[in-house]
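**Q** For what it's worth, the working numbering labels the leading residue of the sequence shown as 17, then goes sequentially. Once you've had a glance at the structure underneath, I'll fire off some questions.
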Amino acid sequence: MDFDFSKKVIDLQERLSAFMTQEIYPNERIFEEQLESSADRWTLPPIMEALKVKARAANLWNLFLPKAHHAEGLTNLEYAPLCEIMGRSPIAPEVFNCSAPDTGNMEVLLRYGTERHQDRWLAPLLAGEIRSGFGMTEPAVASSDATNIEGSIKREGNEYVINARKWWTSGAGDPRCKILI
């Protein structure tokens with residue numbers, strides 16, 4: 017297996033690093049100040065949306081998407097060094113729309129979602145307009161293994177009834193969270 021980076025990945029690393037230096041690092045303090053000055057702990061600091069606009073304009077958006085769904089079309093091996101760069105800042109993953117749990121949830125919707133699901137949930141997630149949550153862990157079971165999940169879902173007429181107790185649901189506290197997986 018060849019672990020050398022392609023020219024495309026080297027170019028993305030350079031562009032991403034430059035964006036981090038020019039936009040992300042200088043604005044981390046502003047992000048913190050805006051967050052701390054808000055009366056509501058869930059308020060999104062305005063600098064975040066401004067940085068997201070710049071990331072989209074720089075074509076550094078949704079880099080996690082696989083080849084079949086994104087112009088850059090990165091493999092996991094190609095995406096990994098970009099994650100290393102984004103991981104240097106607590107705000108960078110969201111700026112580039114590459115933060116958990118959204119990335120995994122978007123991949124699930126891409127692979128298994130119907131056209132209706134994709135229109136309703138995936139499109140706004142890809143645009144960074146909403147956030148998502150992920151609930152898998154349950155008390156009293158090793159729920160990192162999905163085969164151990166005790167929760168159930170049953171169809172009743174035209175609806176589904178979910179019966180589960182979750183220990184933690186990543187992303188659920190964000191007021192922009194509009195879908196749970």
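Beta carbons: idealized from backbone N, C-alpha and C, even for Gly.
Kindly indicate which residue of Ile197, Gly144, Pro117 has the alpha-carbon position closest to the one of Ile169.
**A** Counted from its first residue, the sequence shown places residue 169 at position 153. Residue Ile197 is the option with its Cα nearest to Ile169.
**Q** Let's see if you can read the secondary structure: which residues bound the alpha helix (DSSP H) around Arg72?
**A** On the sequence shown, residue 72 is found 56 positions in, with the first residue counted as 1. It spans 62-73 - the alpha helix (DSSP H) in which Arg72 sits, taken as one unbroken run.
**Q** Compute the beta-carbon to beta-carbon distance between Gly189 and Lys68, rounded to the nearest angstrom, for a pair I have assumed lies under 8 Å.
**A** In the sequence shown, counting from the first residue as 1, residue 189 sits at position 173. In the sequence shown, counting from the first residue as 1, residue 68 sits at position 52. In fact, because the Cβ distance is near 20 Å, the residues do not count as touching under 8 Å.
**Q** Tyr194 by DSSP, collapsed to three states: which one?
**A** As a working mapping, residue 194 is identified with position 178 in the sequence shown. One detail in the question is off: residue 194 reads as Lys in this sequence, not Tyr. Looking at Lys194 - three-state DSSP - the assignment turns out to be strand.
**Q** Do Val25 and Glu94 come within 9 Å of each other at the CB atom, strictly closer than that value?
**A** The residue you call residue 94 lines up with position 78 of the sequence shown. The residue you call residue 25 lines up with position 9 of the sequence shown. Contact flag set, yes.
**Q** How is the beta strand (DSSP E) around Thr37 delimited, first residue to last?
**A** One-based indexing of the sequence shown puts residue 37 at position 21. No beta strand (DSSP E) holds Thr37; DSSP gives it neither H nor E.
**Q** Could you tell me the alpha carbon to alpha carbon distance between Pro106 and Gly173, rounded to whole angstroms?
**A** For the purposes of this step, residue 106 is taken as the residue at position 90 of the sequence shown. For the purposes of this step, residue 173 is taken as the residue at position 157 of the sequence shown. Pro106 and Gly173 have their alpha carbons spaced roughly 44 Å apart.
**Q** Take the Cβ of Val111 as the centre, count every other Cβ of all protein chains shown within 10 Å, and call the residue buried at 16 or more, exposed below.
**A** Residue numbering aside, residue 111 sits at position 95 when the sequence shown is read from its first letter. Buried: at least 16 other Cβ atoms inside 10 Å.
**Q** Below 6 Å CB to CB, which residues in the same chain sit around Lys194 once its five sequence neighbours on both sides are set aside?
**A** The residue you call residue 194 lines up with position 178 of the sequence shown. Closer than 6 Å at the Cβ level, and outside the excluded window around Lys194, lie Ile146.
**Q** If you run the structure through DSSP and keep just helix, strand and coil, what is Arg127?
**A** Residue numbering aside, residue 127 sits at position 111 when the sequence shown is read from its first letter. Three-state result, Arg127: helix.
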